[in-house]
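I have placed the structure first, in the form of structure tokens, so that the comments after it can refer back to it.
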Amino acid sequence: MRRLGAIRRIANGVHFAGRVALYSSAIFLMVMLLVVVADVVTRFARVPFKGAYDLGEMLMVCITYTALAFTQYEKGHVRVDILLARLPRRVALGLDTITLTACAVVAFLITWAMTGRVWEVFSDPGPDPVSLLLGWPLSPLYLLMAVGAFLLGLEFLIDAVRSGAHAVRGGDPVVPLTGSP
Amino acid sequence: MASATGIIAFIVLLILLALGMPIAFSMMLVAFVGMAMCLNLTAAVGLFATTTYSAIADYMMTSLPLFVMMGTFAYQAGIITDVYTAAHKWFGRLPGGLSIATFAGCAMFGALTGSAAATVGFMTMATLPEMERYKYDMRLATGTIAAGCTLAILIPPSVPLIIYGLFAHESIGQLFIAGIIPGLILTVLFMGVTFLWVTLRPEAGRPGPATTWREKLVSLKGVIALFVLGVLVIGGIYLGWFTPIEAGGIGAAGALIIAIVRRRMTGQKLFSALVDTARITGMVFAIIMGALLLNQFLAVTGLPMVAAQAVANSGLDPIVVLAIIVVFYIVGGCLMDSAGLMLLTMPILIPIVRALGVDMIMYGILMVVMIAMAGITPPIGMNVFILASTAKKVPMYTIFKGAMPYFVAMLFLTVIIIAWPQVCTWLPSTMMGK
Numbered sequence: 000m001r002r003l004g005a006i007r008r009i010a011n012g013v014h015f016a017g018r019v020a021l022y023s024s025a026i027f028l029m030v031m032l033l034v035v036v037a038d039v040v041t042r043f044a045r046v047p048f049k050g051a052y053d054l055g056e057m058l059m060v061c062i063t064y065t066a067l068a069f070t071q072y073e074k075g076h077v078r079v080d081i082l083l084a085r086l087p088r089r090v091a092l093g094l095d096t097i098t099l100t101a102c103a104v105v106a107f108l109i110t111w112a113m114t115g116r117v118w119e120v121f122s123d124p125g126p127d128p129v130s131l132l133l134g135w136p137l138s139p140l141y142l143l144m145a146v147g148a149f150l151l152g153l154e155f156l157i158d159a160v161r162s163g164a165h166a167v168r169g170g171d172p173v174v175p176l177t178g179s180p
Numbered sequence: 000m001a002s003a004t005g006i007i008a009f010i011v012l013l014i015l016l017a018l019g020m021p022i023a024f025s026m027m028l029v030a031f032v033g034m035a036m037c038l039n040l041t042a043a044v045g046l047f048a049t050t051t052y053s054a055i056a057d058y059m060m061t062s063l064p065l066f067v068m069m070g071t072f073a074y075q076a077g078i079i080t081d082v083y084t085a086a087h088k089w090f091g092r093l094p095g096g097l098s099i100a101t102f103a104g105c106a107m108f109g110a111l112t113g114s115a116a117a118t119v120g121f122m123t124m125a126t127l128p129e130m131e132r133y134k135y136d137m138r139l140a141t142g143t144i145a146a147g148c149t150l151a152i153l154i155p156p157s158v159p160l161i162i163y164g165l166f167a168h169e170s171i172g173q174l175f176i177a178g179i180i181p182g183l184i185l186t187v188l189f190m191g192v193t194f195l196w197v198t199l200r201p202e203a204g205r206p207g208p209a210t211t212w213r214e215k216l217v218s219l220k221g222v223i224a225l226f227v228l229g230v231l232v233i234g235g236i237y238l239g240w241f242t243p244i245e246a247g248g249i250g251a252a253g254a255l256i257i258a259i260v261r262r263r264m265t266g267q268k269l270f271s272a273l274v275d276t277a278r279i280t281g282m283v284f285a286i287i288m289g290a291l292l293l294n295q296f297l298a299v300t301g302l303p304m305v306a307a308q309a310v311a312n313s314g315l316d317p318i319v320v321l322a323i324i325v326v327f328y329i330v331g332g333c334l335m336d337s338a339g340l341m342l343l344t345m346p347i348l349i350p351i352v353r354a355l356g357v358d359m360i361m362y363g364i365l366m367v368v369m370i371a372m373a374g375i376t377p378p379i380g381m382n383v384f385i386l387a388s389t390a391k392k393v394p395m396y397t398i399f400k401g402a403m404p405y406f407v408a409m410l411f412l413t414v415i416i417i418a419w420p421q422v423c424t425w426l427p428s429t430m431m432g433k
């Protein structure tokens, strides 16, 4: 029982982190809106906003990767469940467990790839990759991508565990990892 | 040999999709494993490290969330309600008038948002209670909303047109302008279907109360905001004040200002609109990343080039190939969500169509009409699902049944586009010199 409680707490922590990340995504969106509008307005005023292009690109990365995890928590990633809906419940849940685990693997692969890039930046004595106009280092963005993908992987893993538990026990959820999504 | 790997990978992808794996991550997994098998593990990790960044860190991509944001702000500003009220006053008296007003409202609101999914939610809340009040046949009422909301992705701005433009390297400005005439034709076709429906079965949509000319003219006051925003976005692109990419930001800022001036935007509503936009962005960009990864893997296998060459050498008339593509999209649209279907098929179909010498602006519009059809075809029709989740009392089969006559109208539009591509190409060539 103690172990179940610990798992539940970890799951709730992941959901909380995902929610905070989604809220940051909303704030990044507002910043992007201001950047784009400022870019157009300053162009008319003949005082070009240098770096709007770089900022737009960086903000896109921030917006997307901070929104991924909570989108999965709300089951927002599009899938085709036409076959699953016609299979016996336990079989469907079993397949769900496998595909969700595969999704977690994909998310962790992104984490691995991006962590590798961050590691390269810090271990390589050469110049760091920087943005085109502002010359800002890109490694914090790689790190944010790694963290966003890691959170997404954890969300998938939690869903996989939940589906697996339902598949094994059948019927109602027996491992209520969290409150209902 | 390499192209055989591409075909096998595609079959594996279809199996994963059938098993219910999210579309975005199915494409990513197939691309990773395929790359590791075709080249090596280092190349596969390298592909993930570069493409998952470069797919998103692109200034062109900023237009997508900004146009979605413009729609959510316009909803908060109450523009959708005003637009529907005006259309109701002008068309409500006609038989099937509320359905016709809904199409007019959807077409006008389509000029403020590029997302059909967002429009379905907004329009259902605004129009369905009214049609229920006048005892409309629920098939006509829900079919109208499900089909009408597809106009949002055809009439500029349009999220699928932006995605298509980025993938096919076509001008987003020209695509936007190319969508105007087909969008208007589809609006008229939809209204024609309603007219035919209520002529055959008058009880399906009885006329509403009469309105005076004064009421009609006063209602137009509510449309001014929409008019200003629409002219600002399309006019600004046309006059070169800003790029189509920046137009989303200007439109969103305009909608936000209107909402604030009308005292309809609180801090909480603003944050909720931003969170909604972030959610949609996360979902759409995951699929875009998956499609770009798959695209790169397929390029390594050479499959798109081999397929394009085979079709070009087959001697088939481009019209026949386009007809086959339409049939393929209808079948695919029954099984898959519109966004997934579009992004999954673009890496293969764009090189094929280009090799045939088809106008890529016309093909972009044709493809958007086809994926719009996918939104209302059973058993997987995203517009219908969203509508059903809002209108809980209406069975889903009623909505699908109601949307079918409008599906035929959309099919008719695909025939018009293939037979007379000028409906798509004339306006951009006149306005922008393509």
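Chains A and B, in that order, give the protein sequences.
Following numbering that gives the first Met the number 0, the numbering of the first sequence begins with 0 at its first residue and continues without gaps.
Following numbering that gives the first Met the number 0, the numbering of the second sequence begins with 0 at its first residue and continues without gaps.
Using N, Cα and C, we set each Cβ at its ideal position, and we do this for glycine too.
Computed from a predicted structure; not experimentally measured.
Inset, instruction - Give a yes or no on contact between the segment 95-103 of chain A and the segment 158-169 of chain A, applying the rule of three or more CB pairs nearer than 8 angstroms. - result: Touching, yes.
Inset, instruction - Grab me the residues of Ala-390 (chain B)'s own chain with a C-beta within less than 7 angstroms of its C-beta, minus the 5 sequence neighbours each way, in chain order. - result: As a first step, residue 390 (chain B) is located in the second sequence; it is residue number 391 there, counting from the start. Once the five neighbours on either side are set aside, the close Cβ partners of Ala-390 (chain B) are Thr-123, Leu-127, Thr-141.
Inset, instruction - Please indicate yes or no: does the CB of Phe-15 (chain A) lie closer than 7 angstroms to some heavy atom of the ligand PLP? - result: Ligands in the displayed structure: none, and consequently the ligand PLP is not present.
Legend entry - Inter-residue spacing [alpha-carbon to alpha-carbon] between Met-341 (chain B) and Ser-53 (chain B): For the purposes of this step, residue 341 (chain B) is taken as residue 342 along the second sequence, with counting starting at 1. For the purposes of this step, residue 53 (chain B) is taken as residue 54 along the second sequence, with counting starting at 1. Taking the straight line from one Cα to the other gives about 20 angstroms.
Inset, instruction - Quick one: list the residues of chain B neighbouring Thr-63 (chain A), beta-carbon separation under 7 angstroms, in chain order. - result: Here residue 63 (chain A) refers to the residue found at position 64 of the first sequence. Within chain B, the residues near Thr-63 (chain A) are Ile-55, Thr-280, Gly-281, Phe-284.
Legend entry - Terminal residues of the alpha helix (DSSP H) in which Leu-158 (chain A) lies: Your numbering for residue 158 (chain A) matches position 159 in the first sequence. Per the sequence presented here, residue 158 (chain A) reads as Asp, with Leu not at that position. Element bounds for Asp-158 (chain A): 138-168.
Inset, instruction - Answer with yes or no whether the minimum CB distance from Val-19 (chain A) to chain B is below 8 angstroms. - result: The residue labelled residue 19 (chain A) in the question sits at position 20 within the first sequence. No, no contact with chain B.
Inset, instruction - Would you verify that the beta carbon of His-76 (chain A) is, or is not, closer than 8 angstroms to some beta carbon of chain B? - result: Locating residue 76 (chain A) in the first sequence gives position 77, counting from the first residue. With 8 angstroms as the cut-off, His-76 (chain A) counts as an interface residue toward chain B.
Legend entry - the segment 6-37 of chain B: positions lying closer than 9 angstroms to chain A by Cβ: Answer set for the segment 6-37 of chain B: Leu-15, Leu-16, Ala-17, Leu-18, Gly-19, Met-20, Pro-21, Ile-22, Ala-23, Phe-24, Ser-25, Met-27, Leu-28, Phe-31.
Inset, instruction - With a 10 Å radius around its C-beta and 16 neighbouring C-beta atoms as the bar for buried, classify Met-20 (chain B) as buried or exposed. - result: Taking the second sequence and counting its residues from 1, the one referred to as residue 20 (chain B) is at position 21. That one is buried.
Legend entry - Per DSSP, cross-strand counterpart(s) of Val-129 (chain A): Here residue 129 (chain A) refers to the residue found at position 130 of the first sequence. Beta-bridge analysis with DSSP links Val-129 (chain A) to A:Pro-136.
Legend entry - is_contact[Ala-24 (chain A), chain B] using C-beta, thresh 8 angstroms: Here residue 24 (chain A) refers to the residue found at position 25 of the first sequence. First, the amino acid is wrong: residue 24 (chain A) is Ser here, not Ala. Under the 8 angstroms criterion on CB atoms, Ser-24 (chain A) is classed as interfacial with respect to chain B.
Legend entry - chain B contact residues for Ile-109 (chain A), given Cβ-Cβ distances below 7 angstroms: As a working note, residue 109 (chain A) is residue 110 in the first sequence. Within 7 angstroms Cβ-Cβ: Phe-47, Thr-51.
Legend entry - Inter-residue spacing [alpha-carbon to alpha-carbon] between Phe-384 (chain B) and His-76 (chain A): Indexing the second sequence from 1 puts residue 384 (chain B) at position 385. Indexing the first sequence from 1 puts residue 76 (chain A) at position 77. Near 15 angstroms, if we compare the C-alpha coordinates of His-76 (chain A) and Phe-384 (chain B).
Legend entry - Distance between beta carbons of Leu-131 (chain A) and Asp-53 (chain A), contact taken as under 8 angstroms: Reading the first sequence from its first residue, position 54 is the one you call residue 53 (chain A). Reading the first sequence from its first residue, position 132 is the one you call residue 131 (chain A). That pair is a contact at about 6 angstroms.
Inset, instruction - For the alpha helix (DSSP H) holding Glu-245 (chain B), just list the boundary residues, first then last. - result: Indexing the second sequence from 1 puts residue 245 (chain B) at position 246. Boundaries of the alpha helix (DSSP H) around Glu-245 (chain B): 243-260.
Inset, instruction - Measure from the C-beta of Pro-427 (chain B) to each C-beta in chain A and report whether the shortest distance is under 8 angstroms. - result: Along the second sequence, one-based indexing puts residue 427 (chain B) at 428. Chain A has no Cβ within less than 8 angstroms of the Cβ of Pro-427 (chain B).
Legend entry - From B:Phe-270, B:Leu-343, B:Ile-323, residue whose alpha carbon lies closest to that of Asn-294 (chain B): The residue given as residue 294 (chain B) occupies position 295 in the second sequence. With distances taken between Cα atoms, Asn-294 (chain B) lies closest to B:Leu-343.
Legend entry - Own chain partners of His-87 (chain B) with C-beta closer than 6 angstroms, once the 5 adjacent residues on each side are dropped: What you label residue 87 (chain B) is simply residue 88 of the second sequence in a count that begins at 1. Cβ within range, chain order: Ala-100.
Inset, instruction - Could you list which residues in chain B have their beta carbon closer than 8 angstroms to that of Gly-169 (chain A), in chain order? - result: The count along the first sequence starts at 1 and reaches residue 169 (chain A) at position 170. Going along chain B, no residue has its Cβ under 8 angstroms from Gly-169 (chain A), so there is no contact; the nearest lies around 19 angstroms.
Inset, instruction - Say whether chain B places a C-beta atom closer than 8 angstroms to the C-beta of Arg-88 (chain A). - result: Walking along the first sequence from the start, residue 88 (chain A) turns up at place 89. Not one chain B Cβ lies under 8 angstroms of Arg-88 (chain A).
Legend entry - Rounded distance between the beta-carbons of Phe-399 (chain B) and Pro-377 (chain B), thought under 8 angstroms: Position 378 of the second sequence, counted from the first residue, corresponds to residue 377 (chain B). Position 400 of the second sequence, counted from the first residue, corresponds to residue 399 (chain B). About 4 angstroms separates the beta carbon of Pro-377 (chain B) from that of Phe-399 (chain B), a gap short enough to meet the 8 angstroms contact definition.
Inset, instruction - With a threshold of 16 other CB atoms inside 10 Å of the CB of Arg-88 (chain A), please say whether the residue is buried or exposed. - result: Residue mapping note: residue 88 (chain A) aligns to position 89 of the first sequence, counting from 1. So Arg-88 (chain A) ends up on the exposed side.
Legend entry - Test: Glu-56 (chain A) CB closer than 8 angstroms to a CB of chain B: Along the first sequence, one-based indexing puts residue 56 (chain A) at 57. Yes, Glu-56 (chain A) counts as interfacial toward chain B.
Legend entry - Boundaries (first-last residue) of the alpha helix (DSSP H) holding Leu-82 (chain A): As a working mapping, residue 82 (chain A) is identified with position 83 in the first sequence. From DSSP, Leu-82 (chain A) is part of no alpha helix (DSSP H); its letter is neither H nor E.
Legend entry - Min CB distance Asp-316 (chain B) to chain A below 8 angstroms: Residue 316 (chain B) sits at position 317 when you count from the first residue of the second sequence. Asp-316 (chain B) does not count as touching chain A.
Inset, instruction - Return helix, strand or coil for Glu-169 (chain B), following the three-state DSSP convention. - result: Within the second sequence, numbered from 1, the residue matching residue 169 (chain B) stands at position 170. The three-state reading of DSSP puts Glu-169 (chain B) in coil, since its state is none of H, G, I, E or B.
Legend entry - Neighbour list for Asp-80 (chain A) in chain B, Cβ cutoff strictly below 8 angstroms: By 1-based counting over the first sequence, the position of residue 80 (chain A) is 81. Contact annotation for Asp-80 (chain A) against chain B: Gly-19 [CB-CB distance below 8 angstroms, chain order].
Inset, instruction - Indicate whether at least one CB of chain B lies closer than 8 angstroms to the CB of Tyr-72 (chain A). - result: Counting from one through the first sequence, the residue named residue 72 (chain A) turns up at place 73. Among the CB atoms of chain B, none fall inside 8 angstroms of the CB of Tyr-72 (chain A).
Inset, instruction - Assess, as a yes-or-no matter, whether the segment 25-39 of chain A is touched by the segment 54-66 of chain B under the definition of 3 or more beta carbon pairs within less than 8 angstroms. - result: The segment 54-66 of chain B vs the segment 25-39 of chain A: in contact.
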